[in-house]
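See structure below.
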Amino acid sequence: MMRRLPLREFYELEGAVFTEQAGWEVPASYNGIDAEVRTTRAAAGVIDYSDRTKVRISGPDRVSFLNGLVTQDIAALKSGEWTYALILNPKGKVVGDTWVYGLEDAFLLDILAGESDRVLDHIRKHLISDDVTIDVLPPVAHLELHGPAAPALLRRHVRTQSTPGPGQFVEVPINQKQSMIVASSDTLRLPGFRFISWTDSLYDVWRAMSAAGPPPVGNGATPVGRDAWNTLRIEAGRPLVGLDMDENTIALEARMESAISFTKGCYEGQEVIARATYQGHMNRLLVGFRIEGDTVPIRGDAVLADNKQIGNVTSATYSPTRLSVIALGYVRRPNDAPGTRVVIETDGWQLRASVAALPFVPER
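With this note's numbering applied, the sequence shown covers 41 to 404.
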């Protein structure tokens with residue numbers, strides 16, 4: 041039986057069409073992908089990610105333990121700060137990714153639902169003599185607000201003493217014992233915020249954010265399903281663990297330099313990353329593709345140049361913003377130059393395409 045989001049019944053009243061992801065029943069769409077994408081880019085969209093796994097890491101050795109496992113400098117992470125990090129295997133390839141929140145006496149990890157079992161197995165395997173406690177928390181409410189109107193909506197509907205800046209979060213008191221995390225988010229290369237709460241208080245946040253339609257018509261954000269979020273993600277050039285990067289992908293192949301500290305000490309996979317950085321390039325790289333026509337390729341489709349396979353597609357969608365089919369994937373160098381003409385083979389068809397610089401849509 042599929043697990044349900046805390047606000048599932050409310051989404052049904054909003055007209056959500058549901059789908060299954062990693063054992064959870066989640067909204068695929070409300071008002072169609074195109075409308076949800078356009079409204080998010082013009083104003084704001086709100087999406088539920090309560091299926092993501094939250095893990096609390098505490099204990100006297102928590103800093104050294106986690107710092108040896110992830111690519112970011114956890115020792116420098118202060119309370120009230122967050123960072124996005126990768127978890128690599130000894131070959132420098134991607135086991136998973138996580139947002140890491142610095143709490144007063146612990147770290148909070150926020151992991152994609154479909155990847156959390158593998159990531160947790162990897163973390164636990166390294167817990168030998170460290171004085172560390174790993175607690176997988178019960179499902180908690182998690183909403184995300186993205187779009188140019190997001191800061192105004194936050195100020196209007198959530199009582200925070202300050203707006204969290206890049207890499208920051210604040211804890212907003214709900215009652216005498218509980219609080220809600222409000223964190224900045226740049227996932228879609230738009231102004232954005234994440235809301236995480238251990239109570240049903242996010243029901244009120246959702247109601248306030250989505251009331252009366254999107255600005256400037258109303259005073260809220262449009263509900264966004266997973267299909268539109270995936271399109272927004274691809275437009276932003278953000279690779280997704282499990283689709284665009286996995287244990288066959290060296291982190292630098294996925295252009296994940298922003299998730300890596302190149303000044304911290306040792307962590308698993310660090311030698312490979314350092315060696316590849318010193319050599320100056322990878323043999324293959326993540327790129328974008330702009331595809332002619334209206335056929336959307338699928339993950340694994342071959343990318344060819346001069347009748348030879350040079351790579352594969354990993355994610356693809358129709359972009360309402362670019363009014364064309366776009367995709368992410370990998371090609372062997374030197375075919376990564378924007379404008380390089382390629383052919384994508386899908387279901388017996390050959391689609392003409394060109395390599396595109398990422399992101400497809402400029403950051404705002």
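Beta carbons are placed, not taken as given, at the ideal position from N, Cα and C, and that holds for glycine. Predicted model, so just to flag it, every value in this text is computed and none were measured.
Between the beta-carbon of residue 183 and that of residue 242 there is about 5 Å, and that keeps the pair under the 8 Å contact cut.
Just so you know, the alpha carbons of residue 403 and residue 174 end up roughly 36 Å apart. Judged by DSSP secondary structure, residue 94 falls within the beta strand (DSSP E) whose first and last residues are 93 to 98.
Excluding its 5 nearest sequence neighbours in each direction, residue 176 has C-beta neighbours in its own chain below 6 Å: 95, listed in chain order. Distance from residue 80 to residue 187 at the Cβ level is roughly 5 Å; contact confirmed, criterion being Cβ atoms closer than 8 Å. In this structure, residue 209 lies near residue 223, with their beta-carbon atoms less than 8 Å apart. Secondary structure of residue 131 (DSSP, three-state): coil. Here residue 400 is buried: its Cβ has 16 or more other Cβ atoms, across all protein chains shown, within 10 Å. About 6 Å separates the beta carbon of residue 272 from that of residue 77, a gap short enough to meet the 8 Å contact definition. For residue 208, there is no enclosing beta strand (DSSP E), as DSSP marks it with neither H nor E. Between residue 74 and residue 261, the alpha-carbon positions lie close to 15 Å from each other. Taking C-beta atoms under 8 Å as the contact rule, residue 172 and residue 97 qualify, at a distance of about 6 Å. Residue 67 sits in a strand when the DSSP states are folded into three classes. At least 8 Å separates the beta-carbon of residue 153 from that of residue 84.
Here DSSP, grouped into helix, strand and coil, assigns residue 56 to coil. The residues 73, 76, 77, in chain order, have a CB closer than 6 Å to that of residue 268 in the same chain once the five nearest residues on each side in sequence are set aside. Per the C-alpha coordinates, the member of 342, 374, 354 positioned closest to residue 390 is 342. Less than 8 Å separates the beta-carbon of residue 336 from that of residue 365. For residue 333, same chain residues with a beta-carbon under 8 Å away, outside a window of 5 residues either side, are 365, 391, 392 in chain order. DSSP, read as helix, strand or coil, puts residue 191 in helix.
In the three-state DSSP reduction, residue 140 falls in the strand class (E or B).
Distance from residue 339 to residue 354 at the Cβ level is roughly 6 Å; contact confirmed, criterion being Cβ atoms closer than 8 Å.
Per DSSP, residue 313 is one residue of the alpha helix (DSSP H) stretching across 310 to 319. Assignment of beta-bridge partners to residue 327 by DSSP yields 369. For residue 107, the enclosing alpha helix (DSSP H) has its first and last residue at 102 to 107. Rounded to whole angstroms, residue 103 and residue 368 show a C-alpha spacing of 35 Å.
The C-beta separation of residue 126 from residue 316 comes to about 14 Å, leaving the pair out of contact by the 8 Å criterion.
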